[in-house]
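Novice: Can you read through this structure? Questions will come right after.
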Amino acid sequence: MVELAQGTWVVIANGEKALFMENITDAEDPNLVVVSVEESDGPRTKSSDRAGRRFDTAPHQKSAVEESNWKTHAKSLFVQDVADLLNRKGLKGAYKRLVLVASPHVLGLLRRRLHSEVLGKVVAEVDKTLTNHPLHKVEQVLRQRLAPAT
1 MVELAQGTWV
11 VIANGEKALF
21 MENITDAEDP
31 NLVVVSVEES
41 DGPRTKSSDR
51 AGRRFDTAPH
61 QKSAVEESNW
71 KTHAKSLFVQ
81 DVADLLNRKG
91 LKGAYKRLVL
101 VASPHVLGLL
111 RRRLHSEVLG
121 KVVAEVDKTL
131 TNHPLHKVEQ
141 VLRQRLAPAT
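Each residue of the sequence shown is one higher than the last, beginning at 1 in the UniProt record's numbering.
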């Protein structure tokens, strides 16, 4: 069982929003308080609705070029920003324990971008998207997921 001890940070993230929370009570009855909410500005540039084309070397031949996926790129940049913030705060000692809650894809992106010292503070990962759930639901899910198996 992973204890959600007092002072543990819980970060719930997706590619567009991140909630930074701290448990202000003990592990028996966690009480999460939102410390910060970060939201993505979204893609800064919109792509056209049609894939590009390029001319081949042979006469009268063209090839399609795959359209850039700006939304995916914006999500990746946002996850990088979340990791940067966690790295800065973690290396300064703002938290000693960290629980990450996100989809498996976002968890993977975060893991790759977190400093090794910050990764050492991760006590649990929950592969679930909870960014738009109320706090009482988040606390309930964490209690269930982090409870010992019986």
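Note that CB positions come from ideal geometry on N, CA and C, so glycine has one too.
Helix, strand or coil: how does DSSP classify L98 here?
Specialist: Note: L98 maps to strand in three-state DSSP.
Novice: Can you tell me whether K71 is helix, strand or coil according to DSSP?
Specialist: Looking at K71 - three-state DSSP - the assignment turns out to be helix.
Novice: Taking contact to mean at least 3 C-beta pairs separated by less than 8 Å, is the region 109-116 in contact with the region 20-27?
Specialist: Touching, no, given that fewer than three Cβ pairs across the two stretches are closer than 8 Å.
Novice: Under the three-state reduction of DSSP, which class applies to E3: helix, strand or coil?
Specialist: Coil.
Novice: List the DSSP bridge partners of E125.
Specialist: Bridge partners of E125: L100.
Novice: Whole angstroms are fine: how far does the CA of A124 sit from the CA of A27?
Specialist: Between A27 and A124, the C-alpha separation is close to 14 Å.
Novice: At the level of alpha carbons, what is the spacing between S76 and Q6?
Specialist: Distance between the alpha carbons of S76 and Q6: 31 Å.
Novice: Opposite V37 in the DSSP bridges: which residues?
Specialist: Answer is L19.
Novice: Return the residue from the list V126, T131, N132 that minimises the CA-CA distance to R143.
Specialist: Ranking the options by Cα distance to R143, first place goes to V126.
Novice: Can you name, in chain order, every residue of its own chain whose Cβ lies under 8 Å from the Cβ of V79, other than the five neighbours on each side?
Specialist: Once the five neighbours on either side are set aside, the close Cβ partners of V79 are A13, G15, V106, L109, L110, R113.
Novice: Can you name the start and end residues of the beta strand (DSSP E) that I12 belongs to?
Specialist: First-last of the beta strand (DSSP E) with I12: 9-13.
Novice: Nearest CA to the CA of T131: which residue from S103, K92, D81, A147?
Specialist: Per the Cα distances, S103.
Novice: How big is the Cα-Cα spacing for A94 and N87?
Specialist: Those two C-alpha atoms are separated by around 10 Å.
Novice: What's the C-alpha gap between K137 and L100?
Specialist: Going by the C-alpha atoms only, they are around 16 Å apart.
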